[in-house]
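The sequence shown begins at 1 in UniProt numbering and counts up by one. Glycine included, C-beta positions come from ideal geometry on N, C-alpha and C. Following: one structure in structure tokens, then a few remarks.
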Amino acid sequence: MSIPFISRRDIDFLLHELLDVEQLTAHPCYEEHSRETFKAILDVAEQIAREKFQPHNAEGDRNEPVVVDGRVRLIPEVKEALQAFAEAGFFSASHSAELGGIQLPTVLNNAVLSFFSAANIATASYAQLTMANSHLLAVHASAEQQRLYLAPMMTGRFFGTMAMTEPQAGSSISDLITTAEPTPQGHYLIRGNKIFISGGEHEMAENIVHLVLARIKGAPAGVKGISLFIVPRYRVNQDGSVGEDNDVALSGLIHKMGWRGTTSTMLNFGENGRCFGYLIGEPNQGLSYMFHMMNEARINIGQFATCIGYAGYLYSLDYARNRPQGRLPSDKDPLSRQVMIIEHADIRRMLLMQKAYVEGSLALILYASLLVDRQKVGGDQETRKAGLLLDILTPIVKAWPSKFCFEANSQAVQILGGYGYTRKYPVEQLFRDNRLSQIHEGTNGIQSIDLLGRKVSMENGAAFKLLMEEIRSTIGEAAGDALLRTWSRELDQAVQQMQGTTERLLEARELAGADLFLANASLYLEMLGHVVIAWIWLRQAQAAARQCETASGANRDFYRGKLQACSFFFNWELPKVHHQAKILGSLEPTCYAMQDSWF
């Protein structure tokens, strides 16, 4: 039996015991679903991930995409896995029934995708990029554009990408120079170069639909002059069939340290002056449209990081249970039997660290996904609350798991010792795969600046205040439980420091200037992230405590494990916020004041 790559028991616990997702089915939007349909969909996802995605994960890493006779060649198992994904209906699962989907709640959809991300991130990324692309088109594209491009993506006939990054601009989208020239026929001629375009070229689908940011000639400088275009690899005829080449040329593949099975491409648009682009929505509104996909992608990256970390945790746990080595410090007899390394306290420390990081992150990912659903089904007040919470949590959802679940992968390598960094074992690949998560979809530094520079103060701090209220509500509930009282008090102290630090920073912003104010933003995101994950763990501990006393056997062990992981986070991780508060509250200038010539 293969080692599990993610815990189904944990997913069921999070969905039903922590988040109570079944309550969504009371709303007309999701009334066709039930706990039974949710289970059936998760069962299928788990099976396909195990049978079609996980087996070629290492093979895809060893045999990364190459260009042969001008075409990108991948190992055949990638296409087979994605065909199985399409045949199961997962490309369209979260779309509305109107468009041909099954209106699966976002929280369930992301639980489904977690199986594929943990089993094989490189192959799963083709599917999830396509889905995020299709979600943008479902909201912002015209009916005709949806007919020609969205419908084929929902069946897996077409795949999708987003094409933003340019060689001279990098993460600075305001500096992009790709142009779009209007024509009398209604389309635009696109000219420019894009790099690091994941899934940008392959032969696994009939077509690839690129969402391209470009400037219409005469548009304002900066982000205010950016428009969004559909640019297909091949033009699409009115009957939906694939037509002639659209002058989108592959100029090269980028070979990364991880995600090697995902093509990372350099693309030239309009080398021959005949690359057709089709404007989405209004001119100069492209970045606001693209943020629909980018925000989804940021949650996806947090999910990717979490699931890669989860896979490493479970592998190192299995290894620790089955690898005999050494004896306990109290055993001085060299002839006595060796113990499994999980008996060593330091191994259990590393395992607990991984468990606290990955299970806390997965709970956060699914909670954020539930907020997306609450935006759809709630009344005006509930929709606004969900939107505010999602706004402030999105940078944390992307950045915190991508840092700390990568650290979980590092601990997995350490547990395997010398074997950990050899390619014979999967933790080496998982470590490389997860390092990319801190860079994808806006680096963690960009997320930090977005959080402190915009999200915390927007609408007079409404989102931050609401988040603190939500955390305090849980603190109040947990304070009445003797088992949770100490953690409740410790989180309350951390929240007080979080609020005080934030107030001091915002008060000093005008005096200090934007550069110094944001100089330590990454530490601010880490601090708020730790407070949020502690809150998520306290909520998990509440759910576990309710069941622990009456549970037996494996179930009781599961709940005890949740409580112990919560204890670890509160004792080993949450105290870090006090030091972080000291640095942030004083606008500590060491990094800001460092000069180039001093390095």
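Would DSSP call MET340 helix, strand or coil?
-> Locating residue 340 in the sequence shown gives position 340, where the first residue counts as 1. Note: MET340 maps to strand in three-state DSSP.
Could you pull the start and end residues of the alpha helix (DSSP H) that MET257 belongs to?
-> On the sequence shown, residue 257 is found 257 positions in, with the first residue counted as 1. No alpha helix (DSSP H) contains MET257, which DSSP labels as neither H nor E.
Please confirm if the segment 6 to 16 is in contact with the segment 53 to 72, defined as three or more CB-CB distances below 8 Å between the two stretches.
-> Judged by Cβ distances under 8 Å, the segment 6 to 16 makes no contact with the segment 53 to 72, as fewer than three pairs qualify.
Can you give the Cα-Cα distance for LEU574 and PHE568, rounded to whole angstroms?
-> For this step, residue 574 is matched to residue 574 along the sequence shown. For this step, residue 568 is matched to residue 568 along the sequence shown. Those two C-alpha atoms are separated by around 9 Å.
Exposed or buried, what is GLN103 when buried is set at 16 or more other beta-carbons lying within 10 Å of its beta-carbon?
-> The residue labelled residue 103 in the question sits at position 103 within the sequence shown. Answer is buried; the Cβ neighbour count reaches 16.
Which whole-angstrom value describes the C-beta separation of ALA163 and LEU267, a residue pair presumed to lie in contact below a C-beta threshold of 8 Å?
-> Locating residue 163 in the sequence shown gives position 163, where the first residue counts as 1. Locating residue 267 in the sequence shown gives position 267, where the first residue counts as 1. Yes, ALA163 and LEU267 are in contact; Cβ-Cβ is about 7 Å, under 8 Å.
Decide if the segment 356 to 363 is in contact with the segment 287 to 298; the criterion is three or more beta carbon pairs, one per stretch, under 8 Å apart.
-> At 8 Å Cβ cutoff, the stretches do not touch.
C-alpha distance - ALA169 paired with LEU176, whole-angstrom precision = Looking up residue 169 in the sequence shown gives position 169. Looking up residue 176 in the sequence shown gives position 176. Our two residues, ALA169 and LEU176, have alpha carbons roughly 6 Å apart in a direct line.
Smallest Cα separation from ALA494: which of ASP515, PRO395 and GLN580?
-> The residue you call residue 494 lines up with position 494 of the sequence shown. With respect to the C-alpha of ALA494, the residue from ASP515, PRO395 and GLN580 having the closest C-alpha is GLN580.
Output the residue ranges of the beta strand (DSSP E) runs that lie fully inside the UniProt domain "Acyl-CoA oxidase/dehydrogenase middle" (162 to 267) and measure 3 residues or longer, sorted by chain position.
-> Correct list: 179 to 182, 188 to 198, 207 to 216, 227 to 232, 234 to 236, 242 to 245 and 248 to 253.
Tell me the start and end of each unbroken alpha helix (DSSP H) in the segment 323 to 382 that is at least 4 residues and wholly inside, in chain order.
-> With a minimum length of 4 residues, the continuous alpha helix (DSSP H) runs that stay inside the segment 323 to 382 are 345 to 377.
Is the segment 107 to 121 touching the segment 28 to 48, taking contact as three or more C-beta pairs under 8 Å?
-> Contact annotation: the segment 107 to 121 touches the segment 28 to 48, with at least three C-beta pairs closer than 8 Å.
SER597, DSSP secondary structure in three states = If you number the sequence shown from 1, residue 597 lands on position 597. Here SER597 carries a helix assignment [DSSP, helix/strand/coil].
Mark ASP10 as exposed unless 16 or more other C-beta atoms lie within 10 angstroms of its C-beta, in which case mark it buried.
-> Taking the sequence shown and counting its residues from 1, the one referred to as residue 10 is at position 10. Taking all protein chains in view, the Cβ of ASP10 is crowded by 16 or more other Cβ atoms within 10 Å, so the residue is classified as buried.
Where the alpha helix (DSSP H) through LEU484 begins and ends = Position 484 of the sequence shown, counted from the start, is the residue given in the question as residue 484. Premise fails: LEU484 is in no alpha helix (DSSP H) and is neither H nor E.
If you draw a straight line from the alpha carbon of THR474 to that of ARG539, how long is it in whole angstroms?
-> Mapped onto the sequence shown, residue 474 falls at position 474. Mapped onto the sequence shown, residue 539 falls at position 539. Those two C-alpha atoms are separated by around 7 Å.
Inspect the CB distances between the segment 373 to 383 and the segment 19 to 36 and report whether three or more fall short of 8 Å.
-> Three or more beta-carbon pairs drawn from the segment 373 to 383 and the segment 19 to 36 are found closer than 8 Å, and the two stretches are therefore classed as touching.
Would you call the segment 362 to 369 and the segment 381 to 397 touching, i.e. three or more CB-CB distances under 8 Å?
-> Segments in contact, yes.
Buried or exposed: where does TRP487 fall if 16 or more other Cβ atoms within 10 Å of its Cβ makes it buried?
-> As a working note, residue 487 is residue 487 in the sequence shown. Classification for TRP487: buried.
Just checking, does the segment 274 to 283 make contact with the segment 442 to 460 on the three C-beta pairs under 8 Å criterion?
-> Cβ pair count under 8 Å is below three, so no.
What did DSSP end up calling GLY561 once you bin it into helix, strand or coil?
-> In the sequence shown, residue 561 corresponds to position 561, counting from 1. GLY561 falls in the helix class under three-state DSSP.
Any chance the CB of GLY240 is under 7 Å from a heavy atom of the ligand HEM?
-> Because no ligand of any kind appears in the structure shown, any question about the ligand HEM cannot be addressed here.
Run through DSSP, which three-state label would MET1 get?
-> Here the question's residue 1 lines up with position 1 in the sequence shown. Since pLDDT at MET1 reaches only 47, below the 50 mark, its modelled position is unreliable, and no value is offered.
Can you grab the Cα-Cα spacing for the pair LEU351 / SER316, in whole Å?
-> For the purposes of this step, residue 351 is taken as residue 351 along the sequence shown, with counting starting at 1. For the purposes of this step, residue 316 is taken as residue 316 along the sequence shown, with counting starting at 1. Roughly 8 Å separates the two Cα atoms.
What runs of the alpha helix (DSSP H), each 4 residues or longer, lie entirely inside the segment 8 to 80?
-> 8 to 12, 35 to 48 and 57 to 62, all fully within the segment 8 to 80.
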